[in-house]
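**Student:**
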Amino acid sequence: MEYVKATGQHTTKAIPYTAGNGQAAACPSKLKGAARAFVDSVNTVQPKSASQLKAAIAGGPTSVTVCATAGVFQGYTSGVVNSAACGTQLDHAITAVGYGNDGTQDFYIVRNSWTANWGDKGYIKIAAVEGTVGICGIQQTSVWPTMKPDAHPHKPKA
5 MEYVKATGQH TTKAIPYTAG NGQAAACPSK LKGAARAFVD SVNTVQPKSA
55 SQLKAAIAGG PTSVTVCATA GVFQGYTSGV VNSAACGTQL DHAITAVGYG
105 NDGTQDFYIV RNSWTANWGD KGYIKIAAVE GTVGICGIQQ TSVWPTMKPD
155 AHPHKPKA
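If you're matching positions, the sequence shown starts at 5 in the numbering used here and goes up one per residue.
(1) Are the CB atoms of Val70 and Thr148 within a distance shorter than 8 Å?
(2) For the beta strand (DSSP E) that Gly104 lies in, which residues bound it at each end?
(3) Which residues in the same chain have their Cβ closer than 6 Å to the Cβ of Gly64, if we skip the five residues on either side of it in sequence?
(4) Can Thr66 and Gly123 be called in contact, C-beta distance under 8 Å?
(5) Beta-carbon within less than 7 Å of Gly12's beta-carbon, same chain only, minus the 5 sequence neighbours each way: which residues are those?
(6) Hey, Pro51 and Gln144: beta-carbon distance below 8 Å or not?
(7) Which residue comes first and which comes last in the alpha helix (DSSP H) that contains Phe77?
(8) When the Cα atoms are used, what is the spatial distance from Asn105 to Lys125?
(9) To the nearest angstrom, report how far apart Glu6 and Val46 are at their CA atoms.
(10) Using only CA atoms, which one of Thr119, Val76 and Ile98 lies nearest to Ile113?
(11) Using alpha carbons as the reference points, say which of Asn121, Asp44, Gly102 and Gly107 lies closest to Pro129.
(12) By a C-beta neighbour count over all protein chains shown, 10 Å radius and 16 as the cutoff for buried, is Asn121 buried or exposed?
(13) Looking only at its chain, what residues have a beta carbon closer than 6 Å to the beta carbon of Gly141, apart from the 5 residues adjacent to it on each side?
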(Lines of atoms letter the chains of each structure in order from A; the text may use other names.)
(Lines give C-alpha, C1' and ligand atoms only; values in the text may rest on other atoms or scores of the structure.)
Protein backbone atom coordinates (compact mmCIF):
# COMPACT_ATOMS: atom_id res chain seq x y z
CA MET A 5 0.00 0.00 0.00
CA GLU A 6 2.93 2.32 0.63
CA TYR A 7 3.96 1.73 -3.00
CA VAL A 8 0.51 2.79 -4.20
CA LYS A 9 0.75 5.84 -1.97
CA ALA A 10 4.02 6.82 -3.66
CA THR A 11 3.28 5.87 -7.27
CA GLY A 12 -0.45 5.40 -7.66
CA GLN A 13 -2.28 2.28 -8.80
CA HIS A 14 -3.58 1.82 -12.31
CA THR A 15 -7.30 1.18 -12.45
CA THR A 16 -8.83 -2.10 -13.54
CA LYS A 17 -10.01 -0.26 -16.64
CA ALA A 18 -6.38 0.36 -17.56
CA ILE A 19 -5.19 -3.11 -16.45
CA PRO A 20 -8.10 -5.58 -16.25
CA TYR A 21 -7.82 -8.37 -13.68
CA THR A 22 -6.65 -11.47 -15.58
CA ALA A 23 -5.37 -13.94 -12.96
CA GLY A 24 -5.80 -17.52 -14.02
CA ASN A 25 -7.06 -16.88 -17.55
CA GLY A 26 -3.70 -17.19 -19.28
CA GLN A 27 -3.48 -13.51 -20.22
CA ALA A 28 -0.59 -11.31 -19.22
CA ALA A 29 -1.23 -7.86 -17.75
CA ALA A 30 -0.24 -4.80 -19.76
CA CYS A 31 3.34 -3.68 -19.48
CA PRO A 32 3.48 -0.59 -17.20
CA SER A 33 5.66 1.25 -19.74
CA LYS A 34 2.74 1.08 -22.19
CA LEU A 35 0.39 2.69 -19.68
CA LYS A 36 1.88 6.19 -19.59
CA GLY A 37 -0.94 8.60 -18.86
CA ALA A 38 -3.43 5.86 -17.91
CA ALA A 39 -5.78 6.63 -15.02
CA ARG A 40 -4.48 5.85 -11.55
CA ALA A 41 -5.84 6.07 -8.03
CA PHE A 42 -3.65 7.44 -5.24
CA VAL A 43 -3.57 6.60 -1.55
CA ASP A 44 -3.40 9.56 0.83
CA SER A 45 -2.64 7.51 3.95
CA VAL A 46 -2.36 3.91 5.08
CA ASN A 47 -4.32 3.03 8.22
CA THR A 48 -3.58 0.03 10.42
CA VAL A 49 -6.41 -1.98 11.93
CA GLN A 50 -5.98 -2.77 15.62
CA PRO A 51 -4.81 -6.43 15.81
CA LYS A 52 -7.10 -9.02 17.44
CA SER A 53 -10.15 -6.78 17.05
CA ALA A 54 -13.06 -8.12 15.01
CA SER A 55 -15.01 -4.91 15.63
CA GLN A 56 -12.18 -2.73 14.32
CA LEU A 57 -11.66 -4.91 11.24
CA LYS A 58 -15.40 -4.75 10.51
CA ALA A 59 -15.29 -0.96 10.89
CA ALA A 60 -12.43 -0.77 8.39
CA ILE A 61 -14.28 -3.03 5.94
CA ALA A 62 -17.41 -0.89 6.32
CA GLY A 63 -15.34 2.01 4.96
CA GLY A 64 -14.20 0.05 1.90
CA PRO A 65 -12.05 -2.87 0.79
CA THR A 66 -9.44 -3.75 3.40
CA SER A 67 -6.16 -5.58 2.87
CA VAL A 68 -5.91 -8.60 5.18
CA THR A 69 -3.19 -11.19 5.57
CA VAL A 70 -3.95 -14.85 6.23
CA CYS A 71 -2.41 -18.28 6.47
CA ALA A 72 -3.37 -19.88 3.15
CA THR A 73 -1.20 -23.00 3.18
CA ALA A 74 -3.54 -25.26 5.16
CA GLY A 75 -5.96 -27.59 3.41
CA VAL A 76 -8.93 -25.97 5.16
CA PHE A 77 -8.17 -22.73 3.28
CA GLN A 78 -6.95 -24.17 -0.01
CA GLY A 79 -9.85 -26.62 -0.27
CA TYR A 80 -12.57 -24.14 0.71
CA THR A 81 -15.79 -24.33 -1.32
CA SER A 82 -18.58 -22.96 0.92
CA GLY A 83 -19.74 -22.12 4.42
CA VAL A 84 -17.79 -20.26 7.09
CA VAL A 85 -14.23 -21.32 7.88
CA ASN A 86 -14.02 -21.51 11.66
CA SER A 87 -11.18 -23.93 12.36
CA ALA A 88 -7.86 -23.59 14.17
CA ALA A 89 -6.57 -26.05 11.54
CA CYS A 90 -6.35 -23.08 9.17
CA GLY A 91 -3.21 -21.91 10.99
CA THR A 92 -1.97 -18.42 11.77
CA GLN A 93 1.40 -18.18 9.97
CA LEU A 94 0.70 -15.30 7.58
CA ASP A 95 1.69 -15.95 3.97
CA HIS A 96 -1.04 -14.52 1.73
CA ALA A 97 -2.49 -11.01 1.29
CA ILE A 98 -6.09 -10.75 0.10
CA THR A 99 -8.98 -8.27 0.27
CA ALA A 100 -11.82 -8.27 2.80
CA VAL A 101 -14.84 -6.76 1.06
CA GLY A 102 -17.66 -7.33 3.53
CA TYR A 103 -18.91 -9.08 6.63
CA GLY A 104 -22.07 -10.78 7.79
CA ASN A 105 -23.70 -13.28 10.12
CA ASP A 106 -25.18 -16.65 9.21
CA GLY A 107 -27.44 -16.73 12.27
CA THR A 108 -24.84 -18.17 14.62
CA GLN A 109 -21.46 -16.87 13.46
CA ASP A 110 -20.10 -13.47 12.41
CA PHE A 111 -17.79 -13.73 9.41
CA TYR A 112 -15.72 -11.75 6.94
CA ILE A 113 -16.29 -11.95 3.19
CA VAL A 114 -12.90 -12.08 1.52
CA ARG A 115 -11.99 -11.95 -2.18
CA ASN A 116 -9.06 -14.16 -3.05
CA SER A 117 -6.83 -13.78 -6.09
CA TRP A 118 -6.92 -17.43 -7.18
CA THR A 119 -9.65 -16.95 -9.83
CA ALA A 120 -13.38 -17.56 -9.60
CA ASN A 121 -12.72 -21.31 -9.90
CA TRP A 122 -11.41 -21.35 -6.31
CA GLY A 123 -13.62 -21.25 -3.22
CA ASP A 124 -17.11 -19.83 -3.59
CA LYS A 125 -16.66 -18.10 -6.96
CA GLY A 126 -13.34 -16.62 -5.78
CA TYR A 127 -14.52 -15.70 -2.27
CA ILE A 128 -14.18 -17.21 1.19
CA LYS A 129 -16.07 -16.56 4.42
CA ILE A 130 -13.81 -16.54 7.48
CA ALA A 131 -15.21 -16.47 11.03
CA ALA A 132 -14.78 -13.23 12.97
CA VAL A 133 -13.68 -13.97 16.54
CA GLU A 134 -13.15 -11.00 18.87
CA GLY A 135 -9.94 -10.82 20.94
CA THR A 136 -7.85 -13.34 18.97
CA VAL A 137 -5.47 -13.32 16.01
CA GLY A 138 -8.46 -14.72 14.15
CA ILE A 139 -9.21 -17.75 12.05
CA CYS A 140 -6.44 -18.20 9.47
CA GLY A 141 -4.73 -15.28 11.31
CA ILE A 142 -7.03 -12.77 9.59
CA GLN A 143 -7.04 -10.34 12.55
CA GLN A 144 -3.25 -9.96 12.85
CA THR A 145 -2.20 -7.59 10.07
CA SER A 146 -4.78 -5.53 8.20
CA VAL A 147 -4.61 -2.12 6.56
CA TRP A 148 -6.98 0.12 4.68
CA PRO A 149 -6.32 3.19 2.57
CA THR A 150 -7.64 6.70 2.73
CA MET A 151 -7.74 7.79 -0.87
CA LYS A 152 -6.59 11.20 -2.07
CA PRO A 153 -9.53 13.58 -1.71
CA ASP A 154 -9.25 14.95 -5.24
CA ALA A 155 -10.91 13.19 -8.15
CA HIS A 156 -9.81 9.59 -8.30
CA PRO A 157 -9.05 7.67 -10.29
CA HIS A 158 -7.17 10.40 -12.06
CA LYS A 159 -4.39 10.84 -14.51
CA PRO A 160 -0.99 11.67 -13.07
CA LYS A 161 0.15 15.26 -13.29
CA ALA A 162 2.46 15.96 -16.22
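Ideal Cβ positions, reconstructed from N, Cα and C, are used throughout, including at glycine.
**Tutor:** In short, the structure shows the following:
(1) According to the sequence shown, residue 148 is Trp rather than Thr. Contact: no.
(2) First-last of the beta strand (DSSP E) with Gly104: His96 to Asn105.
(3) There are no such residues.
(4) No, the Cβ-Cβ distance between Thr66 and Gly123 is not below 8 Å.
(5) Sequence-distant Cβ neighbours of Gly12 in its own chain, meaning closer than 7 Å and more than five residues away, are Arg40, Ala41, Phe42 and Pro160.
(6) Cβ atoms of Pro51 and Gln144: closer than 8 Å.
(7) DSSP places Phe77 in the uninterrupted alpha helix (DSSP H) bounded by Gly75 to Gln78.
(8) Cα to Cα, the separation comes out at about 19 Å.
(9) One C-alpha to the other measures close to 7 Å.
(10) Considering only alpha carbons, the answer is Ile98.
(11) Reading the sequence as shown, one finds Lys at residue 129 and not Pro. Selected option, being the one with the closest Cα: Gly102.
(12) That one is exposed.
(13) Its chain contains Val70, Cys71, Thr92 and Leu94 as the residues whose beta carbon lies nearer than 6 Å to that of Gly141, once the 5 sequence neighbours on both sides are disregarded; these appear in chain order.
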